[in-house]
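First residue of the sequence shown: 381, per the working numbering; consecutive thereafter.
What follows is a single structure, written as structure tokens, with notes after it.
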Amino acid sequence: MAKLNYPRGVIALSSVEMWERFSFYTMQSLLVLYASAKVISGGLGWSDADALRLVGYYGALVYVSPVIGGVIADKVIGRKWAVLSGSFIMMCGHAALAFPGEKAMYLGLTLLIIGCGLMKPAISAMVGEFFKNSETSRKDASFAIFYMSINIGGFLGPMIGGVVQVEYGFEYAFGMAAVGLLIGIINFLMSKNKSLKDVGNLLHRDERIKEPWTAIEKKKLAVYLMLCVTNIFWNVIYVLPYGLLTLYAEKNIDRHVGSFLIPSTWYYAMYGLLIIIYSPIVATMYQSFKNKTGRDMTLSWKLAIGYLLVAGGSLILLPLVREIGINPNYIGSSGYILGFYTLFSFSELLTLPVMLAAATTFAPKGFSATLVSLNMAISWAIGAWLGGEFGALTQEMNPVILFWWVIGLCVLFAIGHILSDRKIERVMQS
Numbered sequence: 381m382a383k384l385n386y387p388r389g390v391i392a393l394s395s396v397e398m399w400e401r402f403s404f405y406t407m408q409s410l411l412v413l414y415a416s417a418k419v420i421s422g423g424l425g426w427s428d429a430d431a432l433r434l435v436g437y438y439g440a441l442v443y444v445s446p447v448i449g450g451v452i453a454d455k456v457i458g459r460k461w462a463v464l465s466g467s468f469i470m471m472c473g474h475a476a477l478a479f480p481g482e483k484a485m486y487l488g489l490t491l492l493i494i495g496c497g498l499m500k501p502a503i504s505a506m507v508g509e510f511f512k513n514s515e516t517s518r519k520d521a522s523f524a525i526f527y528m529s530i531n532i533g534g535f536l537g538p539m540i541g542g543v544v545q546v547e548y549g550f551e552y553a554f555g556m557a558a559v560g561l562l563i564g565i566i567n568f569l570m571s572k573n574k575s576l577k578d579v580g581n582l583l584h585r586d587e588r589i590k591e592p593w594t595a596i597e598k599k600k601l602a603v604y605l606m607l608c609v610t611n612i613f614w615n616v617i618y619v620l621p622y623g624l625l626t627l628y629a630e631k632n633i634d635r636h637v638g639s640f641l642i643p644s645t646w647y648y649a650m651y652g653l654l655i656i657i658y659s660p661i662v663a664t665m666y667q668s669f670k671n672k673t674g675r676d677m678t679l680s681w682k683l684a685i686g687y688l689l690v691a692g693g694s695l696i697l698l699p700l701v702r703e704i705g706i707n708p709n710y711i712g713s714s715g716y717i718l719g720f721y722t723l724f725s726f727s728e729l730l731t732l733p734v735m736l737a738a739a740t741t742f743a744p745k746g747f748s749a750t751l752v753s754l755n756m757a758i759s760w761a762i763g764a765w766l767g768g769e770f771g772a773l774t775q776e777m778n779p780v781i782l783f784w785w786v787i788g789l790c791v792l793f794a795i796g797h798i799l800s801d802r803k804i805e806r807v808m809q810s
């Protein structure tokens, strides 16, 4: 078995990220249900289409905000303080969501958007600070472990939050998310001056004000931004688990196990659990591939395989989508959603953490947090907005047509990544 070595700071950052994501995914798994639930049930009483659009708009804004947050982290306060202040603002946002009504929801979401803008690009860039650009395998493997911590939070948040929501109501579930973030803040403070002492600090002025970027730096930046654009469509599908598929789980899936009714958020939790299971496998796979071939698995091939897995998962969903399109009250098997998650979760590990790791390779010095934020703004934000619109369109037209478009475009993007493989690698190694 390949030997994997991780700096202690990566584990510390992964622990902080787990608690932050525990809170985030608790809220995210409940948002579409909260907006679409009847007022008498503690929700807002919105239509399914409007609730799905809210999810898309929120996702877009939460991923645009890191553009400003990344600059603040890199140039003004340093990544360490960006993580701490962003986490505190997000904790206040979750607390605001615990109060009923649309005004409290808008306040809470606004605070979450601001806090996420500061925290997300900074903590990802801090992971990259532990490695040289040439250490591709160790960096990708460490980002896979970091990403596993995200999905431990993604598993526990919806699992526990779903039970709390069913038993006590939405407000208690959102309040629990605030407590989770408080634990994350305490963890960060305990590690700040120990394993994280040498990362996340603001560069000295003479390091920040440097000579103009070289032609190679500009070329690498341009190539990465192009990859962000090609990755938009993958992020459209990334909205499905906490948007459309959560509604399907709530209304169109047989959730009974004997007399027990499975909370619909548990399906989203299963998605996180699969990523937890796959993460060490993927990390070991990268290292083993290099040990056997003498080279790293390339970025383009990882992204191409990721797209093909999305196409396969969408094929699994097609029968369920077709039946719901004919009869909105159709009740189907859990196997459709779980089958999609089985493939899509593996696809995620070949896509999102890889793009985060690549940002720290392509970025000029002192620009990595900003480049992570640009990835979020281009790929994640536009993808989230379009994903919300995609979900809403499934309520307003034949969803089968939409999913066939997904399958076809995924195959085309996979082919495009394979054809561009050598050119991308030459730029990365320049």
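Idealized CB from N, CA, C, for every residue including glycine.
Computed from a predicted structure; not experimentally measured.
Checklist entry - Taking the alpha-carbon positions, what's the K670 to K682 distance? => result The residue labelled residue 670 in the question sits at position 290 within the sequence shown. The residue labelled residue 682 in the question sits at position 302 within the sequence shown. When only Cα atoms are considered, K670 and K682 end up about 14 Å apart.
Next on the checklist: In whole angstroms, give me the CA-to-CA distance for H636 and L718.
Outcome noted: As a first step, residue 636 is located in the sequence shown; it is residue number 256 there, counting from the start. As a first step, residue 718 is located in the sequence shown; it is residue number 338 there, counting from the start. Taking the straight line joining both Cα atoms gives about 15 Å.
Next on the checklist: Considering Cα atoms alone, identify which of G763, G549, S694 is closest to N615.
Outcome noted: By one-based count along the sequence shown, residue 615 stands at place 235. Nearest of G763, G549, S694 to N615, Cα basis: G763.
Checklist entry - Does the stretch 425-440 come within contact of the stretch 775-793, defined as at least 3 CB pairs closer than 8 Å? => result yes
Checklist entry - Distance, Cα to Cα, A382 vs G389? => result By one-based count along the sequence shown, residue 382 stands at place 2. By one-based count along the sequence shown, residue 389 stands at place 9. At A382 the pLDDT is 47, less than 50, meaning the model places this residue with poor confidence and gives no usable figure here.
Checklist entry - So, helix, strand or coil for S491, using DSSP? => result One-based indexing of the sequence shown puts residue 491 at position 111. Sequence check: residue 491 is Leu here, not Ser. Three-state result, L491: helix.
Checklist entry - In the DSSP assignment, what are the bridge partners of G712? => result Translated into the one-based positions of the sequence shown, residue 712 becomes position 332. In the DSSP output, where bridge partners are listed per residue, G712 has I633.
Checklist entry - Short check: CB of V396 to CB of F568, under 8 Å? => result On the sequence shown, position 16 is the one that residue 396 refers to. On the sequence shown, position 188 is the one that residue 568 refers to. Contact flag set, yes.
Checklist entry - To which residues of the same chain is R806 closer than 6 Å at the C-beta, ignoring the five residues directly before and after it? => result To locate residue 806, count along the sequence shown from 1; it is residue 426. Hits under 6 Å: none found.
Checklist entry - Between the beta-carbon of G436 and the beta-carbon of G767, is there less than 8 Å? => result Start at 1 with the first residue of the sequence shown, and residue 436 comes out as number 56. Start at 1 with the first residue of the sequence shown, and residue 767 comes out as number 387. Contact: yes.
Checklist entry - Enumerated in chain order, which unbroken segments of the alpha helix (DSSP H) with a length of 4 residues or greater are wholly contained in the stretch 696-760? => result For the stretch 696-760, whole alpha helix (DSSP H) runs of length 4 or above, ordered along the chain, are 715-729, 732-742, 748-755.
Checklist entry - So what does DSSP say about M606, is it helix, strand or coil? => result Here residue 606 refers to the residue found at position 226 of the sequence shown. Three-state DSSP puts M606 in a helix.
Checklist entry - Who are the near neighbours of K803 in its chain, counting only those whose CB is closer than 7 Å to its CB and skipping five residues on each side? => result Translated into positions along the sequence shown, residue 803 becomes position 423. Excluding positions up to five away in sequence, the list is empty.
Checklist entry - Near Q545, what residues of its chain come up, given a Cβ to Cβ distance below 8 Å and the 5 sequence neighbours on each side ignored? => result Position 165 of the sequence shown holds residue 545. Result list for Q545: L410, L413, Y552, A553, P643, T645, in chain order.
Checklist entry - On the three-state DSSP scale, how would you describe L413? => result Against the sequence shown, residue 413 aligns to sequence position 33. L413 falls in the helix class under three-state DSSP.
Checklist entry - Which two residues bound the contiguous alpha helix (DSSP H) that contains V786? => result Numbered from 1 along the sequence shown, position 406 holds the residue referred to as residue 786. Here the alpha helix (DSSP H) through V786 covers 779-799.
Item to check | Where the alpha helix (DSSP H) through D676 begins and ends | outcome: The sequence position of residue 676 within the sequence shown is 296, counting from 1. Neither: D676 is in no alpha helix (DSSP H) and is coded neither H nor E.
Checklist entry - Below 8 Å, can you find three or more Cβ-Cβ pairs linking the stretch 692-699 to the stretch 784-794? => result yes
Item to check | Unbroken alpha helix (DSSP H) run spanning I762, endpoints | outcome: Within the sequence shown, residue 762 is the residue found at index 382, counting from 1. Its alpha helix (DSSP H) spans residues 762-774.
Item to check | DSSP three-state assignment for L569, whether helix, strand or coil | outcome: In the sequence shown, the residue the question calls residue 569 occupies position 189. Three-state result, L569: helix.
Checklist entry - If F535 sits next to A649, beta carbons under 8 Å apart, how far is it from one beta carbon to the other, in whole angstroms? => result As a first step, residue 535 must be located in the sequence shown, where it is residue number 155. As a first step, residue 649 must be located in the sequence shown, where it is residue number 269. Yes, F535 and A649 are in contact; Cβ-Cβ is about 5 Å, under 8 Å.
Next on the checklist: Using 8 Å for Cβ pairs, my map puts D454 next to F747. What's the rounded Cβ distance?
Outcome noted: Translated into the one-based positions of the sequence shown, residue 454 becomes position 74. Translated into the one-based positions of the sequence shown, residue 747 becomes position 367. The distance from the Cβ of D454 to that of F747 is about 6 Å, consistent with a contact at the 8 Å cut-off.
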